[in-house]
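> Before we start, here is the structure in question, set down as structure tokens.
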Amino acid sequence: MSATIFYHRIDSPIGALLLVSNGTALTGLYMLDHAGGPTPGAEWRADAGAFTTVCAQLAAYFAGELRRFDLPLAPAGTPFQQTVWRALGDIPYGTTLSYGELARRIGQPQASRAVGRANGQNPISIIVPCHRVIGANGTLTGYGGGIARKRWLLEHEGIEVKESPARERTIPLPFEFPETPAAQDGAVASREV
């Protein structure tokens, strides 16, 4: 029999988020309107109570009051992916690195493309801050939640985002910024952008 997987859906300034846990640690944070998240099975159980600390820290982050998350994490991945994800966690709030710089930090300077792939497969967005990795020329590059969300997260952290190529500027926002009361079902309060 499979172990129980706990989940909880919350609203945030960047859209609906799905939190996933094994009961002791966060295993996923996914943007609900983008592909790449898990497929719920019979072993999945909704449980807002399992995510009280996660929701409180996300609310503080989105309010500009938290710069570093302190949560038990257990993302599933290869040893290389785990190395990259740990290094992502060391990128300070309000700063960015290129994929090449991140590859050098993990001692594999020739692995910038592999670092990019591992970055793109990060299952715990925002908390493991893959949004802080940008192109070598300072422009925004891919993000699982979309470039518009990456831009929002970086600007939220006070980073001046270099104008990206025209093809990125013309992509419409794939989500709305709803006004949501913070106390409603563990929701994270939204704000106008």
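Residue numbers for the sequence shown follow this note's numbering, so the first one is 17 and each next one is one higher.
Each residue gets a CB set at the ideal place from its N, CA and C atoms; glycine is no exception.
In this text, all values refer to a predicted model and were calculated from it rather than measured experimentally.
So, is alanine 58 buried or exposed, given that buried needs 16 or more other C-beta atoms within 10 angstroms?
So alanine 58 ends up on the exposed side.
> In its own chain, which residues sit with a C-beta less than 7 Å from the C-beta of histidine 147, not counting the 5 before and 5 after it?
Excluding positions up to five away in sequence, the list reads Tyr159, Lys166, Leu169 and Leu170.
> Would leucine 42 and leucine 87 qualify as a contact pair, given that the criterion is a beta-carbon distance under 8 Å?
Yes; because the gap between Cβ atoms is below 8 Å, this pair is in contact.
> Measure the Cβ-Cβ separation of valine 149 and threonine 112 and say whether it is below 8 Å.
Taking 8 Å as the Cβ cut-off, valine 149 and threonine 112 qualify as a contacting pair.
> Within the continuous alpha helix (DSSP H) that includes alanine 134, where are the two ends?
Unbroken alpha helix (DSSP H) run through alanine 134: 128–136.
> Would you tell me roughly how many angstroms separate the C-alpha atoms of valine 36 and isoleucine 122, rounded to the nearest one?
Their Cα atoms are separated by approximately 27 Å.
> Is it right to say asparagine 138 is buried, meaning 16 or more other beta carbons lie within 10 angstroms of its own, or is it exposed?
It counts as buried.
> Run the CB neighbour count on aspartate 1, radius 10 Å, all protein chains shown included, and call it buried at 16 or more, exposed below.
Absent from the structure is residue 1, since the part of the chain shown begins at 17 and ends at 209.
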